[in-house]
Structure formats: structure tokens, C-alpha cells
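Some notes on the structure that comes next.
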Ligand SMILES: *Cc1c(COP(=O)(O)O)cnc(C)c1O
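In this note's numbering, the protein residues as written are 203 to 599.
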């Protein structure tokens, strides 16, 4: 990102996110190139910014929505209703009634199927739905696991084979893991989903098959970039064979972070500089409360254990880099926030050029699971603003 632009913006704003459209377009293009048989759904929960959504809608992306509000946000951004898939556990009756016409409901449990049928009865119609399946396989090659998401595959097959008035199953959704960088694991996973879909096709002809996400990006020094071209070849071969057999089934892949994480940078200001017993502290505006992930990564690293299953709150210890706009002789500093908790520290003993009050610090990988995870109600601070820079260089609020 252009440092001059950030410098100018930081004269006006103390803390802000800046999303770069050129990066979003580049990432979206790359996905489309590697998976030509697929249509894409953008996972709104990672960044529901209206301009980000509109950009992806203009690239033909549908929406993977996780709440009624996300369904509406997607519709406002210009995503056609047919391409808004609402999948989340624990939908309320109000959510179900609200989405029945605005998007496609993906039922997450047998109880939810019943609640959708009640809604259909109330309306006197049949509601076409998808179901989320908890499959007999995992990303790591084990058999099925208990999960709070979806309907166990054996129960889902029974459901699809039975009498269902009020609803008609027209789609399947599977998603088991995010942030995978191993092309072989992902390749096997996607092939397993095509096999799963073949088990359902005779029971409920599918209008769509949503294969979920999983495509990761390199965050820290220990990450090797996913070989997207090689994965694309594996998936294309499987997808083409599937489509020859079932030409009427639309194939969706979901993606959140892949398209937007690297497009975002978080910028915030040094409010104070202080020394305490030979340690230099830079007190920054809105860290834990403005961009939660780096502060949380420090808390988790402090526990001394590697954690699994905590995406998107935590990916790895060094998922965010800290940069300055200024150059200069490096010094060791601790970057802390302005909240009244000792947990509000984002980096300890990092090398930064000497910074003073009013200087700006940048944090990378802030396009996904960043602004949305901010606990801004804590301590009633002034929140960061979100800015967007178009491919032609125009800054939009
Ligand atoms: C959050 C989520 C995604 C997006 O995951 P990314 O790792 O950001 O691509 C996709 N599908 C479902 C069901 C999700 O809950």
C-alpha cells in the first residue's frame, strides 16, 4: 500500500482500516482463473464493508451469509437473491421468516428443517432449501466427527429420502475447516464432497452444491503459500466429471479471507511514548479494541500451548506485522493500546524506527476478521473508521 496515501489519511484520522480494491480484484481473478467451473460465494462475516461487498458482487460473487443482517447487507450491495445463501446454526424463527424470500435458507439441523416447514405451512407454499451436512470425513483424513454445524450425513440421507412437505431440498452445503495451506488435503476434501453429492443426487436432485471454503493464505513466517494452480487442476478434473453427470447443479466455493485479508491494513496512532524500568512503551490508539487479533495472539502465545479450532480469532502468533511509515534507527519497543487492561499489548520488544506521539503504526493482514471482531463497546472509545481505495486510487469513506 502507498505510504504517502496512508500518511495523508493519518493526518485526518487517528485510527482507520484501509481496504485496497486492487488487491481484492487480483485475488478474485486468481480464484476464477484456477477454478473455472466454480461460482464463488463471499463469506460476508469476514468483512461486511458495503464497498468490499459491492466490489465482489461486481465480480459475480454471491454471498455466504451468517445472519439475517448479512443477507440484507449482501442484497443492498447488489447480490441477486438466488446467490445469497444463509447458513448458520441456531436461526431464530424471525430469521427464517425474514430470509424465506430474500435468500436461500441452508438448514443446519433437523429441528431447523421443521421450523422452516412451519413457516412454509404458514405461507401455504413449499420453500426450496439447502441443508448443511456434517460429512463422514474431515479435512485431516479421519472419519466423521461430532459437530455443532450441520446434520450428520447418515441423518441427512434419511431426511432426503423421506417425505417432506413444505420444504424441498435443492442444495447441499459442506464446510469443515478454514485456513488450510496443503493442496493435497484440500484436493481430497473437495473430491470427497463430490462423492457425497453423488450419494444425495438420486434422493434430491441438486440445484446447487456448496463445497465450502478452506483455502488459506500465508500469514506468518512459518506458512508456505498454498499451490492454488495445482489444487485448481485437481478440483477442475473432479468438477468437470461431476458436471458431465449432473449438468444442472451449480457448483459454489466459499471464500472470505483469501479475497480480502491481504487487501486490508490497519493504521493507528502513537498517543504516548514512555519509559518504564528500561523498557520503552508506545501507547497506541485502539489496538485490542480496534483490531483484536494481534492482542489475542499475544494472550494465546502467553498460554504456551498451540491451539486448534479457534479460527478466526487466532491463526498463528505472527499473523500480523507491525510497520512504521517513518524510517530511522531501529529500537526495541513494546506496542500497547490505550485500554485499562494489561491484556492490551500487541507486540513486545519489537524493532521499530524511533516513533513519537502522532506517528502512525501499520498492521498488516487486516482485511478479514479484523474490524468485525473489534470489541468497541469496551471502554467506550471512539472507533476506527473504514476507508476504501478504488483501483483507480480514489479514497472512499
Ligand atoms: C467463515 C466461513 C467461511 C469463510 O472462511 P475463510 O477461511 O475466511 O475463507 C466459509 N464458509 C463458512 C461456512 C464459514 O463459516
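We put the beta carbon where it would ideally sit given N, CA and C, even for glycine.
Heavy atom of ligand 1 less than 6 Å from the Cβ of residue 248, yes or no? Translated into the one-based positions of the chain shown, residue 248 becomes position 46. Correct: residue 248 has its Cβ closer than 6 Å to ligand 1.
Where residue 550 sits in the DSSP three-state scheme: Sequence index remark: in the chain shown, residue 550 carries index 348 (1-based). Residue state, collapsed to three classes: strand.
Going by Cα to Cα distance, which pick from 531, 523, 326 is closest to residue 499? As a first step, residue 499 must be located in the chain shown, where it is residue number 297. For residue 499, the nearest C-alpha among the options comes from 523.
Assigned exposure category for residue 327 - 16 Cβ within 10 Å defines buried: What you label residue 327 is simply residue 125 of the chain shown in a count that begins at 1. So residue 327 counts as exposed.
Hey, residue 331 and residue 395 are a contact pair by Cβ (cut 8 Å); roughly how many whole angstroms apart? Taking the first residue of the chain shown as position 1, residue 331 is located at position 129. Taking the first residue of the chain shown as position 1, residue 395 is located at position 193. Not really, about 18 Å apart at Cβ, beyond 8 Å.
Would you check if the stretch 407-418 and the stretch 503-514 touch, i.e. whether three or more CB-CB distances between them fall below 8 Å? With the cut-off at 8 Å, the stretch 503-514 and the stretch 407-418 do not touch.
What's the gap between the Cα of residue 271 and the Cα of residue 575? By one-based count along the chain shown, residue 271 stands at place 69. By one-based count along the chain shown, residue 575 stands at place 373. Rounded to the nearest angstrom, the gap between the Cα atoms of residue 271 and residue 575 is 16 Å.
Take the Cβ of residue 248 as the centre, count every other Cβ of all protein chains shown within 10 Å, and call the residue buried at 16 or more, exposed below. In the chain shown, the residue the question calls residue 248 occupies position 46. Buried, by the Cβ-count rule.
Residue range of the unbroken alpha helix (DSSP H) whose run includes residue 335: Your numbering for residue 335 matches position 133 in the chain shown. Here residue 335 belongs to no alpha helix (DSSP H); instead the beta strand (DSSP E) covers 329-336.
Using 8 Å as the cut-off, can you tell me whether the stretch 482-501 makes contact with the stretch 532-542, which would need three or more C-beta pairs spanning the two stretches below that distance? yes
Using 10 angstroms around the beta-carbon of residue 580, count the other beta-carbons present and answer buried if the total reaches 16, otherwise exposed. As a position in the chain shown, residue 580 is number 378, starting the count at 1. When all chains shown are included, residue 580 counts as exposed.
Are there any heavy atoms of ligand 1 lying less than 6 Å away from the beta-carbon of residue 340, as far as the coordinates show? Walking along the chain shown from the start, residue 340 turns up at place 138. No.
Could you tell me the alpha carbon to alpha carbon distance between residue 593 and residue 223, rounded to whole angstroms? Position 391 of the chain shown holds residue 593. Position 21 of the chain shown holds residue 223. Looking at the two C-alpha atoms, the distance is approximately 5 Å.
Classification of residue 240 by the beta-carbon crowding that lies within 10 angstroms, buried from 16 upward: Start at 1 with the first residue of the chain shown, and residue 240 comes out as number 38. Classification of residue 240: buried, given that the 10 Å Cβ count is 16 or more.
Is it right to say residue 212 is buried, meaning 16 or more other beta carbons lie within 10 angstroms of its own, or is it exposed? Taking the chain shown and counting its residues from 1, the one referred to as residue 212 is at position 10. Buried, since its Cβ has 16 or more Cβ neighbours within 10 Å.
Nonlocal neighbours in the same chain, by C-beta distance under 7 Å from residue 551, ignoring five residues either side: Counted from its first residue, the chain shown places residue 551 at position 349. So the list reads 534, 536, once near-sequence residues are dropped.
Below 6 Å, is the gap between the Cβ of residue 458 and the nearest heavy atom of ligand 1? Taking the chain shown and counting its residues from 1, the one referred to as residue 458 is at position 256. True, at least one ligand heavy atom lies under 6 Å from that Cβ.
Buried or exposed (CB count within 10 angstroms, at least 16 for buried), residue 294: Stepping through the chain shown from its first residue, residue 294 is reached at position 92. Flag for residue 294 reads exposed.
Measuring alpha carbon to alpha carbon, tell me which of 335, 291, 323 ends up nearest residue 314. Indexing the chain shown from 1 puts residue 314 at position 112. It is 291 whose Cα lies nearest to the Cα of residue 314.
Throw me the rounded Cβ distance for the residue 312 and residue 361 pair, which I believe falls under 8 Å. Translated into positions along the chain shown, residue 312 becomes position 110. Translated into positions along the chain shown, residue 361 becomes position 159. 7 Å between Cβ atoms; contact.
Beta carbon of residue 380: closer than 6 Å to some heavy atom of ligand 1? Taking the chain shown and counting its residues from 1, the one referred to as residue 380 is at position 178. Yes, the Cβ of residue 380 comes within 6 Å of a heavy atom of ligand 1.
Taking 6 Å as the cut-off, does the CB of residue 415 come closer than this to any heavy atom belonging to ligand 1? Taking the chain shown and counting its residues from 1, the one referred to as residue 415 is at position 213. Checking the Cβ of residue 415 against ligand 1 gives yes.
Check whether the stretch 455-471 touches the stretch 213-222, taking contact to mean three or more Cβ pairs, one atom from each stretch, closer than 8 Å. Under the three-pair Cβ rule at 8 Å, the stretch 455-471 counts as touching the stretch 213-222.
Looking at the secondary structure, which residues open and close the alpha helix (DSSP H) in which residue 474 lies? The residue given as residue 474 occupies position 272 in the chain shown. Per DSSP, residue 474 belongs to no alpha helix (DSSP H); it is in the beta strand (DSSP E), 466-478.
Return the Cβ separation of residue 382 and residue 422 in integer angstroms, given the expectation that the two are a contact with Cβ distance under 8 Å. Translated into positions along the chain shown, residue 382 becomes position 180. Translated into positions along the chain shown, residue 422 becomes position 220. With 8 Å as the limit, residue 382 and residue 422 do not qualify as a contact, their Cβ atoms being about 15 Å apart.
From the DSSP secondary-structure annotation, give me the bridge partner or partners of residue 210. As a working note, residue 210 is residue 8 in the chain shown. According to DSSP, which records beta bridges pairwise, residue 210 is partnered with nothing at all.
Going by Cα to Cα distance, which pick from 393, 357, 441 is closest to residue 310? Within the chain shown, the letter at position 108 stands for residue 310. Nearest C-alpha to residue 310: 357.
What first and last residue would you give for the beta strand (DSSP E) that runs through residue 535? What you label residue 535 is simply residue 333 of the chain shown in a count that begins at 1. Taken as a continuous stretch (DSSP letters only), the beta strand (DSSP E) holding residue 535 covers 532-539.
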